[in-house]
Amino acid sequence: MRAAWALALALLAGPAAALAPPAPGSLRIAQFDAALSRAGAGVLLRDLLRGRDRQIAAVVEIIAAARPDILVLNGIDHDRDGRALAALAGLLAA
2 MRAAWALALA LLAGPAAALA PPAPGSLRIA QFDAALSRAG AGVLLRDLLR
52 GRDRQIAAVV EIIAAARPDI LVLNGIDHDR DGRALAALAG LLAA
């Protein structure tokens with residue numbers, strides 16, 4: 002269900018983000034509820050590292066299309082060492 006929801010958001014947000022390029026000198030700020038929660042410790046990190054999760058791919062696609070300068074990211078599992086967040090940042094940088 003989550004993957005279908007993320008995919009629907011990607012389809013809706015994709016064209017809108019493409020229509021409005023940022024003005025020169027502007028700052029683009031985005032808030033996104035990624036809904037990247039998993040049912041156990043380390044499960045999100047595992048899914049990020051495997052690279053086969055459709056929901057994660059949709060989240061990355063949406064954020065990449067928006068190209069924010071500052072991103073407020075909600076709905077991501079917390080891990081004390083920040084490894085899941087670092088893995089997501091790596092996917093966004095690719």
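The sequence shown begins at 2 in my numbering and counts up one residue at a time.
Beta carbons are placed, not taken as given, at the ideal position from N, Cα and C, and that holds for glycine.
All figures in this text were calculated on a predicted structure; none of them were measured in a lab.
Which listed residue (N75, R47, D34 and G41) has its alpha carbon closest to that of R84: R47
Anticipated Cβ contact below 8 Å, L102 with L89, distance rounded: For residue 102 there is no data in the structure shown, the boundaries of the chain being 2 and 95.
Could you please give the first and the last residue of the uninterrupted alpha helix (DSSP H) stretch that includes L92? R84 to A94
Sub-8 Å separation of I77 and A35 beta-carbons: yes
Which residue's Cα is closest to the Cα of A42: N75, A94, R81 and A66? R81
Whose C-beta lies closer than 8 Å to the C-beta of V73 among residues of the same chain, with five residues either side of it excluded? I30, A31, Q32 and F33
Taking the straight line between their C-alpha atoms, what separation do you get for A1 and A21? Because residue 1 is not part of the residues shown, which for the chain are 2 to 95, the question remains open.
Tell me, which residues are paired with A31 by DSSP? L72
Rounded to the nearest angstrom, how far is the Cβ of L93 from that of A67, given a contact under 8 Å? So it is not a contact: roughly 11 Å between Cβ atoms.
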